């Protein structure tokens, strides 16, 4: 089935079985391997991407469901499209500064989930908003620090 | 000038991890690559009668491997060669590998897997380790005359038995490797493996034994690794062996990437334990004698169990002195998947028992739990169970005092915030039905390999001079903990150059020396020290320089003179360490990290769910080379300990994990995680780089006991087993 997606601001056309997981379409058809698989059943959030601005688990979404949608992945966060020379997004810089990425496997999903948080989120809202993203390394404290700094910066 | 050690420099491999550019094993593809899967046993014990490929099924495009395809020895070479890489005529546990399939198409591969039929003659299986009789390993530690101390008049004896369950490491990236024909090039008859792992040189050794290839024909490259926690210490040797067999038979690259269910069912876990304590006490609470019987569930094969047992036994007293100590430790054989390395390596189990037992002693003697601990805690000059005199860097009292002070501050701040922000929540919390309590736990953790282990390892690490700086040649792996960054800081500081001038060679066994495994809280203290010595030597060879420019000038001159400049140093045993493997006496570890936890818990009166509301951990690590990374280790280890204590329940039936998915094997989410206050204490160790000791494991030794002691304080009921699930708490209260 031929499907049209807007991925990280670019038009993409893919020929895939309609029920192919969005996760596999991104990784295998579009070579966007930044989106990770941790469990394949929507529990760990490592595959979180934004579909029309909403955080979803790409392992639970059939590709046909995002036909015509705007899909944003970790590769699209940095200005310049994730190339080495690209300037990092403030959230990415906050993750580096606070040590919020250790092994890094949950980081792409964690970043995407954080981007979907409301701008003035308090700590409790951050915790609730990231509850679908498992991290086994950090104990989450450094992730809160990074996300809070990013969201605070959003304040007028 | 350097400003490296003690500063929060940018993480070496940080950028690629936040942009999605970091390449984990599943992100790699190679031309012509096949995918591999494993045919596994579906019974716990029995004879294999036949393995049959369904003749009706189209097997074209498949590569099939069984034990007959193994060119060398059919073992997973580790400590004892008891575990076959592929079962021959019997299976000893569920999910034991029997045969392997590879195919270019993953969907087709899954179909093929369903068309392999194994027939068995089942035999009775020993599934429960408490009633098991076959001992895989036994250790005895003795100091003084325990029986005489217990028989002394006026002595009070307190007994207790404590149990802990299995725990899955649950790295978010499952185990996986890609094997390719050829070491340096595809036709050289060798083999290469790229994979997620902690110990590339363990894999090299296992593959040499398996294939019969010489060392130079086996190349192992660690890919960016999505968490290890011990779960990628010995297991990669097995999965790499499987992928190599398929790659050699098919002549093509083969990727074996476990899915979560398979990873949970088949790979190693933390050893379940049962620990019985008998303690002889004077009336004032002075501990006179400690008698411990400790058993671990080893599973069907030995893997690393002997060393896990060793660490468990040595730490079994907790950080307390006694005139006489007797520790008997055994690993029991069962027909369950083998248990193996997991952060803490036995010490969390034995110290859980020790610290819950301390609260029992306090209760039975009517003493204050903190006063009881203070009376018996190790001080400099005290002697451990193995007869080690603690000479320096003993911080047991300090971590206790600092943890208590910090916890009070944290609770006060939290209450203030609650009042300000959330009056409704407070009203709910003060309705009287919710039970609350505070618990503490003290613990210690030896850094590096036990006893003579480091001498046997003889680890190597070094430096290569580059035009603008130096390159680290080290086989220690970056698995999220910050190895690359911390090693670069140590070298930069020693050379007096900016951190940015230090880079790390790829973790490829064709390039870097064997720095020993990345385990046992040894990568900073032991390998970091080797690198520091290499940097000192390099500095001496470069001659005098005052600043960065001077270094660069001298480096260029030396390179021009010699072409290449590489300095490889080997582990040197500090002179004052003495150990006997025969009697289990002496200096078990060069240095210990010390810790204290304070936990506040509330129990929901309706669901019996225990929830931790505030957690404080004070840890002495000698020196925080990178404070943010060190805190990250402490916070992460603490939360894994909280998960083990309250949520993580490996449910076994017929020898197989029943809840093998993230839907019902529960690890803590953000909402389960209390605020964790971290207090780092720096009591320098003379033989560590800049005073540093190990940090990775110590933090996980205490949380379970602190939480269970808090539950007891909240409910008044004893709970001697974890995980402290609502069911267990309900039973204890009712």
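Protein chains in written order, with the working numbering: chain A, 339 to 494; chain B, 900 to 1633.
C-beta atoms are modelled at their ideal positions from N, C-alpha and C, and glycine is treated no differently.
Remember, it's a predicted structure, so these values are computed and weren't measured experimentally.
Determine whether the Cβ of residue 411 (chain A) lies closer than 9 angstroms to any Cβ atom of chain B. Here residue 411 (chain A) corresponds to residue number 73 of the first chain, with the count starting at 1. Proximity of residue 411 (chain A) to chain B, defined by a Cβ-Cβ separation below 9 angstroms, is satisfied.
Do the CB positions of residue 1285 (chain B) and residue 1099 (chain B) come within less than 9 angstroms of each other? Position 386 of the second chain, counted from the start, is the residue given in the question as residue 1285 (chain B). Position 200 of the second chain, counted from the start, is the residue given in the question as residue 1099 (chain B). Pairing residue 1285 (chain B) with residue 1099 (chain B) gives a Cβ-Cβ distance that is not under 9 angstroms.
Label residue 1479 (chain B) either buried or exposed according to how many other C-beta atoms from any shown protein chain fall within 10 Å of its C-beta, with 16 as the threshold for buried. As a position in the second chain, residue 1479 (chain B) is number 580, starting the count at 1. So residue 1479 (chain B) counts as exposed.
State yes or no: is the C-beta of residue 1056 (chain B) within less than 9 angstroms of the C-beta of residue 1049 (chain B)? Residue 1056 (chain B) sits at position 157 when you count from the first residue of the second chain. Residue 1049 (chain B) sits at position 150 when you count from the first residue of the second chain. One thing to note: residue 1056 (chain B) has its Cβ within 9 angstroms of the Cβ of residue 1049 (chain B).
Does any residue of chain A have a CB that is nearer than 9 angstroms to the CB of residue 1012 (chain B)? The residue labelled residue 1012 (chain B) in the question sits at position 113 within the second chain. For residue 1012 (chain B), the closest Cβ of chain A is not nearer than 9 angstroms.
Alpha carbon to alpha carbon, what distance is there between residue 1072 (chain B) and residue 1123 (chain B)? Residue mapping note: residue 1123 (chain B) aligns to position 224 of the second chain, counting from 1. Residue mapping note: residue 1072 (chain B) aligns to position 173 of the second chain, counting from 1. If you take the alpha carbons of residue 1123 (chain B) and residue 1072 (chain B), they lie about 10 angstroms apart.
Would you mind listing the beta strand (DSSP E) stretches within the stretch 404–443 of chain A that are 3+ residues and don't spill past its ends, in chain order? Taken in chain order, the complete beta strand (DSSP E) segments of 3 or more residues contained in the stretch 404–443 of chain A are 408–410.
When you compare each of B:935, B:1424, B:1267 to residue 1584 (chain B) by their alpha carbons, which one comes out closest? Stepping through the second chain from its first residue, residue 1584 (chain B) is reached at position 685. Residue B:1424 is the option with its Cα nearest to residue 1584 (chain B).
Can you round the beta-carbon distance between residue 354 (chain A) and residue 341 (chain A) to whole angstroms, since I take them to be within the 8 angstroms contact cut? Taking the first chain and counting its residues from 1, one reaches residue 354 (chain A) at position 16. Taking the first chain and counting its residues from 1, one reaches residue 341 (chain A) at position 3. Under the criterion of beta carbons closer than 8 angstroms, residue 354 (chain A) and residue 341 (chain A) qualify as touching, at roughly 7 angstroms.
Which one of A:440, A:349, A:382 has the shortest CA to CA distance from residue 410 (chain A)? Taking the first residue of the first chain as 1, we reach residue 410 (chain A) at position 72. For residue 410 (chain A), the closest C-alpha among the options A:440, A:349, A:382 is that of A:349.
Starting from residue 348 (chain A), trace the beta strand (DSSP E) both ways and give me its first and last residue. The residue given as residue 348 (chain A) occupies position 10 in the first chain. For residue 348 (chain A), the enclosing beta strand (DSSP E) stretches over residues 348–353.
Quick check on the DSSP output: the beta strand (DSSP E) that includes residue 1511 (chain B) runs from which residue to which? In the second chain, the residue the question calls residue 1511 (chain B) occupies position 612. Residue 1511 (chain B) -> beta strand (DSSP E) spans 1509–1519.
Are residue 1127 (chain B) and residue 1067 (chain B) close, meaning C-beta to C-beta below 9 angstroms? Along the second chain, read from residue 1 onward, the residue named residue 1127 (chain B) stands at position 228. Along the second chain, read from residue 1 onward, the residue named residue 1067 (chain B) stands at position 168. Not closer than 9 angstroms, so no.
For residue 1543 (chain B), which three-state DSSP category applies? Translated into the one-based positions of the second chain, residue 1543 (chain B) becomes position 644. Three-state DSSP puts residue 1543 (chain B) in a helix.
Tell me residue 1575 (chain B)'s beta-bridge partners as DSSP assigns them. Locating residue 1575 (chain B) in the second chain gives position 676, counting from the first residue. Answer is B:1514.
Return the chain-ordered list of same chain residues with a C-beta closer than 8 angstroms to the C-beta of residue 479 (chain A), the five sequence neighbours on each side being excluded. Within the first chain, numbered from 1, the residue matching residue 479 (chain A) stands at position 141. Within the same chain, residue 479 (chain A) has no close Cβ partners at all.
Would you list the one or two residues that DSSP bridges to residue 1495 (chain B)? Along the second chain, read from residue 1 onward, the residue named residue 1495 (chain B) stands at position 596. The partner list for residue 1495 (chain B) (beta bridge, DSSP) reads B:1341, B:1517.
Please name the residues in the stretch 427–445 of chain A whose beta-carbon is closer than 9 angstroms to at least one beta-carbon of chain B, in chain order. Those residues of the stretch 427–445 of chain A that come within reach of chain B (Cβ to Cβ, closer than 9 angstroms) are 427, 429, 430, 431, 433, 434, 435, 436, 437, 438, 439, 440, 441, 442, 443, 444, 445.
At what residues does the beta strand (DSSP E) containing residue 936 (chain B) begin and finish? For the purposes of this step, residue 936 (chain B) is taken as the residue at position 37 of the second chain. Per DSSP, residue 936 (chain B) belongs to the beta strand (DSSP E) from 933–939.
Can you name the residues of chain A whose CB is closer than 9 angstroms to the CB of residue 877 (chain B)? Past the boundaries of the shown model lies residue 877 (chain B); chain B is included only from 900 to 1633, so the question cannot be answered.
Which residues in the same chain have their Cβ closer than 6 angstroms to the Cβ of residue 1486 (chain B), if we skip the five residues on either side of it in sequence? What you label residue 1486 (chain B) is simply residue 587 of the second chain in a count that begins at 1. Around residue 1486 (chain B): 1287, 1476, 1477, 1478.
What residues of chain B sit near residue 468 (chain A), judged by a beta carbon separation below 7 angstroms? For the purposes of this step, residue 468 (chain A) is identified with residue 130 of the first chain, where counting begins at 1. What residue 468 (chain A) touches in chain B: 1569.
Excluding five sequence neighbours on each side, which residues of the same chain lie with their C-beta closer than 6 angstroms to the C-beta of residue 1620 (chain B)? Here residue 1620 (chain B) refers to the residue found at position 721 of the second chain. 1062, listed in sequence order.
Straight-line Cα distance separating residue 1142 (chain B) from residue 1086 (chain B): Locating residue 1086 (chain B) in the second chain gives position 187, where the first residue counts as 1. Locating residue 1142 (chain B) in the second chain gives position 243, where the first residue counts as 1. Residue 1086 (chain B) and residue 1142 (chain B): Cα-Cα distance of roughly 18 angstroms.
Just verifying my parser: in three-state terms, what is the DSSP assignment at residue 1291 (chain B)? For this step, residue 1291 (chain B) is matched to residue 392 along the second chain. Of the three classes helix, strand and coil, the one that applies to residue 1291 (chain B) here is coil, per DSSP.
Helix, strand or coil: which one does DSSP assign to residue 1021 (chain B)? The residue you call residue 1021 (chain B) lines up with position 122 of the second chain. In this structure, DSSP gives residue 1021 (chain B) an extended state, which the three-state scheme calls strand.
Beta-carbon spacing of residue 1598 (chain B), residue 1533 (chain B) below 9 angstroms: Within the second chain, residue 1598 (chain B) is the residue found at index 699, counting from 1. Within the second chain, residue 1533 (chain B) is the residue found at index 634, counting from 1. Between residue 1598 (chain B) and residue 1533 (chain B), the C-beta spacing is below 9 angstroms.
So, does the CB of residue 356 (chain A) fall closer than 9 angstroms to a CB anywhere in chain B? By 1-based counting over the first chain, the position of residue 356 (chain A) is 18. No, its Cβ sits nowhere closer than 9 angstroms to a Cβ of chain B.
Looking at the structure shown, is residue 366 (chain A) part of a helix, part of a strand, or coil, going by DSSP? Here residue 366 (chain A) is taken as the residue at index 28 of the first chain, counted from 1. When secondary structure is reduced to three states using DSSP, residue 366 (chain A) falls in the helix class.
Return helix, strand or coil for residue 1168 (chain B), following the three-state DSSP convention. By 1-based counting over the second chain, the position of residue 1168 (chain B) is 269. Annotated three-state conformation of residue 1168 (chain B) is coil, per DSSP.
Classification of residue 1244 (chain B) by the beta-carbon crowding that lies within 10 angstroms, buried from 16 upward: Reading the second chain from its first residue, position 345 is the one you call residue 1244 (chain B). Counting Cβ neighbours within 10 Å, residue 1244 (chain B) comes out buried, since at least 16 surround it.
By DSSP, does residue 1406 (chain B) sit in helix, in strand, or in coil? Indexing the second chain from 1 puts residue 1406 (chain B) at position 507. Note: residue 1406 (chain B) maps to coil in three-state DSSP.
Have a look at B:1227, B:1449, B:1538, B:1536 and flag the residue whose alpha-carbon is nearest the alpha-carbon of residue 1483 (chain B). Position 584 of the second chain, counted from the first residue, corresponds to residue 1483 (chain B). The shortest Cα separation from residue 1483 (chain B) among B:1227, B:1449, B:1538, B:1536 belongs to B:1227.
Taking just the CA atoms, how far does residue 1201 (chain B) sit from residue 1262 (chain B)? For the purposes of this step, residue 1262 (chain B) is taken as the residue at position 363 of the second chain. For the purposes of this step, residue 1201 (chain B) is taken as the residue at position 302 of the second chain. Rounded to the nearest whole angstrom, the CA to CA distance from residue 1262 (chain B) to residue 1201 (chain B) is 39 angstroms.
Please state whether the Cβ-Cβ distance between residue 1464 (chain B) and residue 1440 (chain B) is less than 9 angstroms. As a position in the second chain, residue 1464 (chain B) is number 565, starting the count at 1. As a position in the second chain, residue 1440 (chain B) is number 541, starting the count at 1. Taking 9 angstroms as the Cβ cut-off, residue 1464 (chain B) and residue 1440 (chain B) qualify as a contacting pair.
Below 8 angstroms on the Cβ atoms is my guess for residue 1520 (chain B) versus residue 1301 (chain B); work out the distance and round it to an integer in Å. Indexing the second chain from 1 puts residue 1520 (chain B) at position 621. Indexing the second chain from 1 puts residue 1301 (chain B) at position 402. Beta-carbon to beta-carbon, residue 1520 (chain B) and residue 1301 (chain B) are separated by about 13 angstroms, too far to satisfy the 8 angstroms threshold.
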